[in-house]
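Residue numbers 16 to 273, in the working numbering, belong to the letters of the sequence shown in order. Glycine included, each C-beta is placed from N, C-alpha and C at the ideal position. All of these numbers come straight from a predicted model, not from anything done at the bench. Note sheet for the following structure.
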Amino acid sequence: MKTAVKTKNSNVKVIIRATSEEMSKEAARIFADRIRKKPNIVLGLATGGTPVKMYKELIRMHKEEGLDFSKVITYNLDEYLGISSDHDQSYRYFMNDNLFNHINIKKENTHVLNGKAKDAAKECKAYEDAIKKAGGIDIQLLGIGGNGHIAFNEPGSPKASRTRVVDLTEKTIQDNARFFASASDVPRQALTTGNGTIMEAKEILLIADKASKADAIAKSLEGPITEKVPASLLREHKNVTFVIDKDAASNLKGDYSG
Ligand code: F6R
16 MKTAVKTKNS NVKVIIRATS EEMSKEAARI FADRIRKKPN IVLGLATGGT PVKMYKELIR
76 MHKEEGLDFS KVITYNLDEY LGISSDHDQS YRYFMNDNLF NHINIKKENT HVLNGKAKDA
136 AKECKAYEDA IKKAGGIDIQ LLGIGGNGHI AFNEPGSPKA SRTRVVDLTE KTIQDNARFF
196 ASASDVPRQA LTTGNGTIME AKEILLIADK ASKADAIAKS LEGPITEKVP ASLLREHKNV
256 TFVIDKDAAS NLKGDYSG
């Protein structure tokens, strides 16, 4: 597949790869490049099914190529409310299991919102402050929901929203039910960084695979820029790249060939 760059009417670079595996390798390559250039980089990280193969590739690069995470700092996008960090569906658990336990990152340099915080509003404010104190996110990894959400900013989330408690939509609950015993076990609320928080990252990398994301990708890149499709707001960012596989690209009408 060709590597495309710069869509005509937006700042977004779009890279289309033939398979999910190649998409994941490309995304890992971009992250590894940024880590090598700035060893004490601040990464924004995502959970979910999409980044798993990318994280595997970063682990391989650490083990086989010496990619060094010893000075890397990370902040995750979101966490379920009411779930503790040792719950096997917590995003903290996911990150330890899929990445942090397998690389030389210092656990104290990794940050995930605390789903069990007594005062959730205070936790959200402290998280925003900590990101600022760290110098801001250098590169933010994003997945995309089938409804166009980024982090847990569901359709209609304000453009300027900050880290806060949100209600999950029925669509997201159903989409995430695959990770739980049943849909009724999926938490109804989450702590999430906001659209405004995400837009402050210096660089953004959105990854997507599968035909189930094709509609959200097409709306984000070619539909109106609107809070109804949170990922479309990314078109107003100056340094954003979408790395997607051809199934996720299948509803695009524009020419993205390089
Ligand atoms: C995860 C997150 C979510 C996911 C999105 C896609 O931290 O913020 O926005 O990126 O729901 O999830 P998957 O990759 O499971 O399709």
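Ordered along the chain, which non-local residues of its own chain (more than five positions away) have a Cβ less than 6 Å from that of residue i?
| i | result |
| --- | --- |
| Ala223 | Ile159, Ile232, Ile259, Ala263 |
| Ala141 | none |
| Tyr70 | Asn113, Leu114 |
| Ser25 | Arg250 |
According to the neighbour-count rule (16 or more other Cβ atoms, all chains shown, within 10 Å of its Cβ), is residue i buried or exposed?
| i | result |
| --- | --- |
| Lys78 | exposed |
| Arg179 | buried |
| Lys17 | Because Lys17 sits at a pLDDT of 44, beneath the cut-off of 50, its placement in the model cannot be relied upon, and the following sentence gives the value as read from the coordinates. When all chains shown are included, Lys17 counts as exposed. |
| Lys137 | exposed |
| Ser272 | exposed |
| Arg51 | exposed |
| Lys121 | exposed |
| Pro66 | buried |
| Lys133 | exposed |
| Lys40 | buried |
| Arg193 | exposed |
For residue i, list the residues DSSP reports as bridge partners.
| i | result |
| --- | --- |
| Tyr90 | Gly59, His126 |
| Lys28 | Thr256 |
| Arg179 | Thr207 |
| Ile165 | Asn168 |
| Ile154 | Leu58, Glu218 |
Counting only the same chain and skipping the five closest in sequence on each side, list residues whose C-beta sits under 8 Å from that of residue i.
| i | result |
| --- | --- |
| Gly161 | Lys186, Asp190, Ser227, Lys228, Asp230, Ala231 |
| Ile175 | Reading off the sequence, residue 175 comes out as Ala, not Ile. Once the five neighbours on either side are set aside, the close Cβ partners of Ala175 are Gly209, Asn210, Gly211. |
| Asn119 | His77, Asp83, Phe84, Ser85 |
| Glu242 | Pro170, Gly171, Ser172, Pro173, Lys174, Asn210, Leu248 |
| Ser99 | Ser105, Gly130, Lys131 |
Helix, strand or coil: how does DSSP classify residue i here?
| i | result |
| --- | --- |
| Asp190 | helix |
| Tyr95 | strand |
| Ala196 | coil |
| Arg250 | helix |
| Ala216 | coil |
| Ala223 | strand |
| Leu73 | helix |
| Ile159 | coil |
| Asn119 | coil |
| Lys52 | helix |
| Asp144 | helix |
| Tyr271 | coil |
| Val244 | coil |
| Leu236 | helix |
| Phe84 | coil |
| Asn266 | coil |
With a threshold of 7 Å on Cβ separation, who are the neighbours of residue i within its own chain once the five nearest residues in sequence on each side are excluded?
| i | result |
| --- | --- |
| Ala205 | Asp93, Glu94, Tyr95, Leu96, Phe167, Val181, Leu183 |
| Lys234 | Gly163, Val244, Ser247 |
| Ala198 | Ile188, Gln189, Ala192 |
Give a yes or no on whether 7 Å exceeds the smallest Cβ distance from residue i to chain B.
| i | result |
| --- | --- |
| Asp224 | Absent from the structure is chain B; it holds one protein chain and no more. |
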